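Those protein sequence lines, which keep their order, are chains A and B. Last residue of the first sequence: 315 in the numbering used here, with the numbers rising by one and none dropped. Last residue of the second sequence: 437 in the numbering used here, with the numbers rising by one and none dropped. Glycine included, every Cβ here is placed at the ideal spot set by N, Cα and C. Since the structure is predicted, the reported quantities are computational estimates derived from the model, not experimental observations.
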Amino acid sequence: MSFDCSVAVIAGGLSFEREVSLRSGQRVADALRERGYRVGGLDADHQLVETLASGEFDVAFLALHGRFGEDGTVASILELLGFPYTGSSFDASRLAFDKLAAKSALRRAGLSVPSAIPLTEGALRELGVGALLDRAMEELGLPLVVKPNRGGSALGIRLIERPDQLPAALMAAFGYDDTVLLEQRVVGTELALSVVDGLATLPAVEIRPKEGWYDFSARYTHGAAEFRVPANLDPATATRCLESAHAAHLALGCRDISRVDAILTPEGTCQILEVNTGPGLTSTSLVPMAADAAGLTFSDLTTHLTDRAIARRPR
Amino acid sequence: MPLSFCLMRADDPFRDRYARGTRSMTASEIRALFAVASRPEIVSLAGGMPFTAALPFDAVGDVLDEVLADEGPAALQYAGGQGDPRLREVLTELMRLEGIRGSGGDVVVTEGSQQALDLLSRMFCDPGDVIVAEGPSYVGALSAFSQYQVEVCHVPLDDDGLDPDSLAATLERLERDGRRVKFLYTVPNFHNPAGVTLAAGRRERVLEIARRHNVLVLEDNPYGLLGFEGDPPDALRALDPDNVVYLGSLSKVFCPGLRIGWALVPPALRERLILVKEAADLCSSSFTQAVAYRWFSSYPWRETLKGLREVYRERRDVMLDSLAEDVPAGVTWTRPAGGFYVWARLPDHLDARAMLAKAITARVAYVPGGAFYADGQGSSSMRLSYCFPPPDRIREGVRRLAGVIDEELALARALGGLPAEDPDSDQGRPAGWGGVQ
Chain A
1 MSFDCSVAVI
11 AGGLSFEREV
21 SLRSGQRVAD
31 ALRERGYRVG
41 GLDADHQLVE
51 TLASGEFDVA
61 FLALHGRFGE
71 DGTVASILEL
81 LGFPYTGSSF
91 DASRLAFDKL
101 AAKSALRRAG
111 LSVPSAIPLT
121 EGALRELGVG
131 ALLDRAMEEL
141 GLPLVVKPNR
151 GGSALGIRLI
161 ERPDQLPAAL
171 MAAFGYDDTV
181 LLEQRVVGTE
191 LALSVVDGLA
201 TLPAVEIRPK
211 EGWYDFSARY
221 THGAAEFRVP
231 ANLDPATATR
241 CLESAHAAHL
251 ALGCRDISRV
261 DAILTPEGTC
271 QILEVNTGPG
281 LTSTSLVPMA
291 ADAAGLTFSD
301 LTTHLTDRAI
311 ARRPR
Chain B
1 MPLSFCLMRA
11 DDPFRDRYAR
21 GTRSMTASEI
31 RALFAVASRP
41 EIVSLAGGMP
51 FTAALPFDAV
61 GDVLDEVLAD
71 EGPAALQYAG
81 GQGDPRLREV
91 LTELMRLEGI
101 RGSGGDVVVT
111 EGSQQALDLL
121 SRMFCDPGDV
131 IVAEGPSYVG
141 ALSAFSQYQV
151 EVCHVPLDDD
161 GLDPDSLAAT
171 LERLERDGRR
181 VKFLYTVPNF
191 HNPAGVTLAA
201 GRRERVLEIA
211 RRHNVLVLED
221 NPYGLLGFEG
231 DPPDALRALD
241 PDNVVYLGSL
251 SKVFCPGLRI
261 GWALVPPALR
271 ERLILVKEAA
281 DLCSSSFTQA
291 VAYRWFSSYP
301 WRETLKGLRE
311 VYRERRDVML
321 DSLAEDVPAG
331 VTWTRPAGGF
341 YVWARLPDHL
351 DARAMLAKAI
361 TARVAYVPGG
371 AFYADGQGSS
381 SMRLSYCFPP
391 PDRIREGVRR
401 LAGVIDEELA
411 LARALGGLPA
421 EDPDSDQGRP
431 AGWGGVQ
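#1: Can you check DSSP and say which residues form a bridge with residue 333 (chain B)?
#2: In terms of residues, what are the limits of the beta strand (DSSP E) holding residue 154 (chain B)?
#3: Does any residue of chain B bring its CB to less than 8 Å from the CB of residue 305 (chain A)?
#4: So what does DSSP say about residue 252 (chain B), is it helix, strand or coil?
#5: When you compare only the Cα positions, how much space is there between residue 110 (chain A) and residue 415 (chain B)?
#6: Compare the Cα-Cα distances from residue 35 (chain B) to each of B:82, B:225, B:360 and report the closest residue.
#7: State yes or no: is the beta carbon of residue 311 (chain B) nearer than 8 Å to at least one beta carbon in chain A?
#8: Pull out every residue of the stretch 33-47 of chain B whose Cβ sits closer than 7 Å to any Cβ of chain A, in chain order.
#9: Kindly examine the ligand PLP and report whether one of its heavy atoms sits closer than 7 Å to the Cβ of residue 199 (chain B).
#10: Report, in whole angstroms, the separation of the C-beta atoms of residue 83 (chain A) and residue 60 (chain A), which I expect to be a contact under 8 Å.
#11: Output the distance between the C-alpha atoms of residue 4 (chain B) and residue 253 (chain B), rounded to the nearest integer angstrom.
#12: Contact between the stretch 74-93 of chain B and the stretch 322-330 of chain B: three or more CB pairs below 8 Å?
#13: At the level of alpha carbons, what is the spacing between residue 300 (chain A) and residue 16 (chain A)?
#14: Rounding to the nearest angstrom, what Cα-Cα distance links residue 242 (chain A) and residue 173 (chain A) in this structure?
#15: Please decide whether residue 14 (chain B) counts as near chain A, where near means a Cβ-Cβ distance under 8 Å.
#16: Go through its chain and collect everything with a Cβ distance to residue 205 (chain B)'s Cβ below 8 Å, but skip five positions before and after it.
#17: Just reading off the beta strand (DSSP E) that residue 270 (chain A) is part of, what are its end residues?
#18: Could you pull the DSSP bridge partners for residue 220 (chain B) from this structure?
#19: Helix, strand or coil for residue 118 (chain A) per DSSP?
#20: Start and end of the beta strand (DSSP E) containing residue 193 (chain A)?
#21: Is DSSP giving residue 296 (chain A) helix, strand or coil here?
#22: By the 7 Å beta-carbon criterion, what residues does the stretch 119-132 of chain A contribute toward chain B?
#23: For the stretch 99-151 of chain B, which segments carrying the alpha helix (DSSP H) assignment without a break, of at least 4 residues, lie completely within its bounds, in sequence order?
#24: If I'm right that residue 280 (chain A) touches residue 286 (chain A) with Cβ under 8 Å, what's the distance once you round it to whole angstroms?
#25: Leaving out five residues before and five after residue 299 (chain B) in sequence, what residues of the same chain have Cβ atoms less than 7 Å from its Cβ?
#26: By DSSP's criteria, residue 40 (chain A) is part of a beta bridge. Which residues make up the other side?
#27: With H, G and I counted as helix, E and B as strand and the rest as coil, what does DSSP make of residue 84 (chain B)?
#28: Is there a Cβ from chain B that is less than 8 Å from the Cβ of residue 172 (chain A)?
#29: Closer than 7 Å by beta-carbon distance: list the chain B residues that pair up with residue 258 (chain A), in chain order.
#30: Measure from the C-beta of residue 138 (chain A) to each C-beta in chain B and report whether the shortest distance is under 8 Å.
#31: Under DSSP, the beta strand (DSSP E) around residue 23 (chain B) begins and ends at which residues?
#32: What residues from the stretch 168-200 of chain A come within 8 Å of chain B, judged by C-beta to C-beta, listed N to C?
#33: Taking only three categories from DSSP, how would you classify residue 26 (chain A)?
#34: For the 8 Å Cβ check, are there 3 or more pairs between the stretch 127-135 of chain A and the stretch 375-395 of chain B?
#35: Within its chain, find whatever has a CB closer than 7 Å to the CB of residue 290 (chain B); leave out the 5 residues flanking it on each side and keep chain order.
#36: Put residue 289 (chain A) into one of helix, strand or coil per three-state DSSP.
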């Protein structure tokens with residue numbers, strides 16, 4: 001451990017997940033201070049480059065979620081500055097953040113992903129693709145999920161059960177990105193699979209809807225889901241899912257930490273929904289929850305990630 | 001992270017214990033968006049913040065010094081629950097400007113008029129009671145009411161404010177249904193969020209209808225002294241002292257940081273309101289009350305107010321001009337004669353809430369209309385504030401917003417939700433209410 005290190009915890013920014021990011025950042029800063037690091041909190045704003053270039057900090061801890069953060073934007077700046085930071089590189093972050101590109105990479109690596117049809121706003125507006133929406137729905141079947149292609153989040157995501165719900169769902173999703181995916185809805189056990197390099201495998205977290213299926217809008221409703229750590233899976237299945245998650249992490253070139261969201265189908269296939277390179281790090285987020293179940297405190301986790309970044313410091 | 005949002009609540013160890021009135025208070029998508037809207041890169045036409053930078057700070061500083069020098073120990077001490085008697089007298093003088101003849105003895109000072117809304121709801125409302133309010137209505141009032149598990153029943157507005165016929169019909173219907181209406185909540189002047197003013201000719205009628213149905217009127221008037229085109233008609237309280245509770249505020253005519261509002265109540269309500277106030281917080285700040293008293297008794301505050309009015313009038317003009325220049329056909333808006341807000345209505349197929357993410361990406365924010373209704377109306381409307389951003393930012397904000405609406409209209413058309421663009425469509429659209437309900 002490098003107690004003499006000064007850590008810039010970067011959070012906030014212009015992402016739609018700014019608020020959660022600030023909470024993650026606060027939590028990370030508290031945990032690192034508790035372990036004796038010198039810590040400064042930085043908003044990902046216009047002053048960021050200047051502050052980092054001032055030499056005040058030795059390493060950056062990225063607690064960013066969503067666009068202008070988790071998409072690699074800040075990683076690219078840090079790489080340019082030659083500044084060590086936690087988490088995935090620009091390339092991997094960008095790839096993971098683009099759900100469509102990530103799907104291709106995961107599929108090439110032999111992993112299962114739900115089928116999806118991309119729609120761009122330009123194609124809809126200028127090329128009359130709207131006429132093909134019925135065909136897309138036929139191909140994927142209903143219900144289906146409409147989601148922004150980029151945006152590491154359930155923001156703008158809707159479940160479509162009837163064709164007449166599609167236009168409003170597309171309007172909402174295009175609010176977040178100019179490319180939207182119509183994605184096959186996969187039913188099964190929803191899992192959050194944490195991958196932290198250099199640590200023993202962390203247990204899977206199972207997300208259990210309280211009633212019926214896990215409605216995406218219900219993620220914003222009080223007490224809509226419960227969480228089970230470790231997931232209620234037989235050991236062989238759990239291991240297989242965690243191996244898939246690790247393979248996904250490697251396939252996208254992720255580093256240090258990622259959270260792989262997946263669904264285990266009744267047939268036993270682990271379908272990977274997305275790989276988050278900037279997972280939530282609030283006191284109740286899923287990766288810390290998995291770490292806790294494995295006997296690691298939040299301070300252990302953040303210290304581990306910080307030390308990995310410090311070890312990458314140019315000598 | 002969305003899952004984190006979910007977790008913050010789903011994993012909440014106290015979730016089984018919350019009072020019914022606060023259970024619906026949860027994090028939401030829209031809240032997440034507003035966290036970004038506060039960044040300086042974004043032109044926020046969302047918040048209703050007074051432009052405090054226009055205040056004469058040297059003079060305010062002098063008043064603060066005087067309070068400490070002349071009455072420091074008392075100003076830093078607890079005080080009576082009803083409020084500083086000197087301030088209450090000054091407030092009656094302010095109210096006189098709107099035709100109200102009231103006694104300082106019937107004024108209760110509160111922490112902004114927002115607290116008065118809370119205290120009066122607490123005093124009058126049981127779960128299941130009904131409050132009748134304009135639709136749209138001030139979002140802060142709806143929040144205060146919702147804690148007491150009341151049902152808010154909206155009555156539509158038009159360019160002349162609350163529609164008396166609809167009010168009468170609504171009260172009759174509620175009476176037939178055996179519902180208990182505790183009060184009519186109204187913002188008659190320069191309405192938040194609608195920007196309209198209750199016409200003089202309607203005021204007596206509204207009061208008569210309320211009396212006939214034995215419904216108390218809660219008149220919320222924070223913007224009354226911020227008229228740009230002459231003074232608004234006399235306050236409802238001036239016309240009916242016995243059945244109107246008048247809520248005033250220094251937030252817009254001075255500054256919100258002092259947290260000073262007040263209620264002028266019929267004498268029968270006074271003692272109970274004071275007890276409710278004392279139970280809530282013992283008393284309002286002695287210090288800020290002393291500052292406000294001195295400001296309004298010894299400083300030429302009318303000059304400051306005149307300056308503020310001029311600032312807001314210019315911004316209102318810029319916003320209305322920009323809307324007329326930039327916003328695509330099919331969008332209508334109100335033309336406020338004072339206050340802070342314009343209420344704009346998009347073509348029916350557009351959802352202002354769904355459009356907000358795109359607007360914030362384009363670096364402009366507004367408040368989606370649904371926030372101002374307790375019953376899910378208002379999805380194609382939005383509130384635009386001109387009070388805080390300087391004129392060039394307002395111009396830029398409206399330009400960005402217009403671009404977003406253009407894109408959204410094109411997308412809606414492509415998805416079959418709107419008729420194809422008609423090149424001969426009427427560009428001289430009415431700058432009016434457009435039948436917004």
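With the structure as the only source:
#1: In the DSSP output, where bridge partners are listed per residue, residue 333 (chain B) has B:344.
#2: Under the DSSP assignment, residue 154 (chain B) falls in the beta strand (DSSP E) whose first and last residues are 151-158.
#3: No, residue 305 (chain A) lies away from the interface with chain B (no Cβ there is under 8 Å from its Cβ).
#4: Correct three-state label for residue 252 (chain B): coil.
#5: Near 36 Å, if we compare the C-alpha coordinates of residue 415 (chain B) and residue 110 (chain A).
#6: Nearest C-alpha to residue 35 (chain B): B:360.
#7: It does not; no Cβ of chain A falls within 8 Å.
#8: Close to chain A, meaning a Cβ-Cβ distance shorter than 7 Å, are the following residues of the stretch 33-47 of chain B: 33, 35, 36, 39, 41.
#9: The model depicted lacks the ligand PLP and carries no ligand whatsoever.
#10: Confirmed, Cβ separation roughly 6 Å.
#11: With a pLDDT of only 32 at residue 4 (chain B), under the threshold of 50, the placement of this residue in the model should not be trusted; the figure read from the coordinates follows. Here the C-alpha atom of residue 4 (chain B) lies approximately 41 Å from the C-alpha atom of residue 253 (chain B).
#12: Under the three-pair Cβ rule at 8 Å, the stretch 74-93 of chain B does not count as touching the stretch 322-330 of chain B.
#13: Each residue's Cα considered, the two are about 28 Å apart.
#14: Here the C-alpha atom of residue 242 (chain A) lies approximately 30 Å from the C-alpha atom of residue 173 (chain A).
#15: Closer than 8 Å: no.
#16: Excluding residues within five positions, the ones whose Cβ falls inside 8 Å are 164.
#17: It spans 270-276 - the beta strand (DSSP E) in which residue 270 (chain A) sits, taken as one unbroken run.
#18: According to DSSP, residue 220 (chain B) shares a beta bridge with B:247.
#19: Residue 118 (chain A): strand per DSSP, three-state reduction.
#20: Note, residue 193 (chain A): beta strand (DSSP E), 189-196.
#21: Coil at residue 296 (chain A), not helix or strand.
#22: Of all residues in the stretch 119-132 of chain A, 121, 124, 125, 130 have a Cβ within less than 7 Å of some Cβ in chain B.
#23: Runs of the alpha helix (DSSP H) inside the stretch 99-151 of chain B: 112-124, 139-146.
#24: Sure, about 7 Å apart at Cβ, within 8 Å.
#25: Excluding positions up to five away in sequence, the list reads 59, 63.
#26: Here residue 40 (chain A) is bridged, per DSSP, to A:8.
#27: Three-state result, residue 84 (chain B): coil.
#28: For residue 172 (chain A), the nearest beta carbon of chain B is closer than 8 Å to its own beta carbon.
#29: Near residue 258 (chain A) there are no residues of chain B at all, since even the closest Cβ is about 12 Å away, more than 7 Å.
#30: False, the Cβ-Cβ gap to chain B never drops below 8 Å.
#31: Per DSSP, residue 23 (chain B) belongs to no beta strand (DSSP E) and is neither H nor E.
#32: Taken in chain order, the members of the stretch 168-200 of chain A whose beta-carbon sits within less than 8 Å of a beta-carbon on chain B are 168, 170, 171, 172, 174, 175, 176, 192.
#33: Of the three classes helix, strand and coil, the one that applies to residue 26 (chain A) here is helix, per DSSP.
#34: No, they do not touch.
#35: If we look at residue 290 (chain B) and ignore the five residues flanking it on each side, its Cβ neighbours are 67, 71, 75, 84.
#36: In the structure shown, residue 289 (chain A) sits in a helix (DSSP, three-state: H, G or I).
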